[in-house]
Amino acid sequence: MKAILINGSPRIGGNCSIALSQARQIFEREGVEVKLYELGGKDIHGCIACSSCRKSGYCVFNDLVNQIADDFKDADGMLVASPVYFASANGSLLSLMQRLFYSTPYSKKFKVGAGVAVARRAGAVSTFEQINRFYSISEMPIATSNYWNDVFGREKGEAKEDKEGMAVMDNLAHNMVYLMRAIAEEKKRSKVPQTKRATTNFIR
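Here the sequence shown is numbered in UniProt numbering, starting from 1 and rising by one per residue.
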């Protein structure tokens, strides 16, 4: 089994790193291969709606997005962490997610997804819900924990002091592993339901 972890913070080694590291320990203990990607220090371009990915299957900007795309294709799950900016995810992370989910032609159906928000005080719920929207439109089951997927801390290292937040990360990782395994086992016994598609526009 394989899980993609994305740190959407511009800070490497900050509180988002702590949250993901907490989950990563569980993944690796359960025998799940982990690929971690860091946005820190990288210039992530927004989508320019050129549609070249419709032909190539890759984004025209050959950066971290295309690197993740190759690994995500055969991954069983994705866990994304973001700092909270004005009750929203980091802009660079949103650009990455928009380009990744739009440019990749393969099905993401039944890959397990989860979002995590790291905040000083508030705005965490709207932030991880924003991340989860990428999963919900892609037929990806969303893993949950025993509380909202948020961790608190402003200065580097403060997240370690959030004992409840660390427990939430542990439970989230365990639940992701359980879902990934359950889905993999069911795929051995039955066919994945075929997706019915119909595209309409709002017109008068």
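Every residue gets a Cβ at the ideal spot worked out from N, C-alpha and C, and that includes glycine.
Residue i and residue j closer than 8 Å at C-beta
{"i": "residue 227", "j": "L5", "result": "Here the chain comprises residues numbered 1 to 204, so residue 227 is not present and cannot be evaluated."}
{"i": "G77", "j": "M176", "result": "yes"}
{"i": "K73", "j": "V192", "result": "no"}
{"i": "A167", "j": "T127", "result": "no"}
{"i": "K55", "j": "E33", "result": "no"}
{"i": "L39", "j": "L100", "result": "no"}
{"i": "I183", "j": "V80", "result": "no"}
{"i": "A173", "j": "F27", "result": "yes"}
{"i": "C47", "j": "Q98", "result": "yes"}
{"i": "N171", "j": "N146", "result": "yes"}
{"i": "G123", "j": "A87", "result": "yes"}
{"i": "N62", "j": "Y37", "result": "no"}
{"i": "E139", "j": "T195", "result": "yes"}
{"i": "S9", "j": "S107", "result": "no"}
Residue i - DSSP class collapsed to helix/strand/coil
{"i": "residue 206", "result": "The question about residue 206 has no answer here: the residues shown for the chain are numbered 1 through 204."}
{"i": "M166", "result": "helix"}
{"i": "Y106", "result": "coil"}
{"i": "E155", "result": "coil"}
{"i": "V192", "result": "coil"}
{"i": "E30", "result": "coil"}
{"i": "residue 210", "result": "Residue 210 is absent from the structure shown; the chain starts at 1 and stops at 204."}
{"i": "K160", "result": "helix"}
{"i": "I48", "result": "coil"}
{"i": "I142", "result": "strand"}
{"i": "K42", "result": "coil"}
CB-CB length for residue i against residue j, believed under 8 Å
{"i": "K35", "j": "L64", "result": "Not a contact, Cβ separation roughly 12 Å."}
{"i": "C53", "j": "Y102", "result": "7 Å"}
{"i": "S92", "j": "I137", "result": "Between I137 and S92 the Cβ distance is about 21 Å, and since that is not below 8 Å, they are no contact."}
With a cut-off of 8 Å, do at least 3 Cβ pairs link the segment 6-23 to the segment 158-168?
The answer is yes - the segment 158-168 touches the segment 6-23, with three or more Cβ pairs under 8 Å.
Just checking, does the segment 63-71 make contact with the segment 116-127 on the three C-beta pairs under 8 Å criterion?
No, the segment 63-71 does not touch the segment 116-127.
Along the chain, which unbroken stretches of the beta strand (DSSP E) at least 3 residues long are found entirely within the segment 67-136?
Runs of the beta strand (DSSP E) inside the segment 67-136: 77-83 and 112-119.
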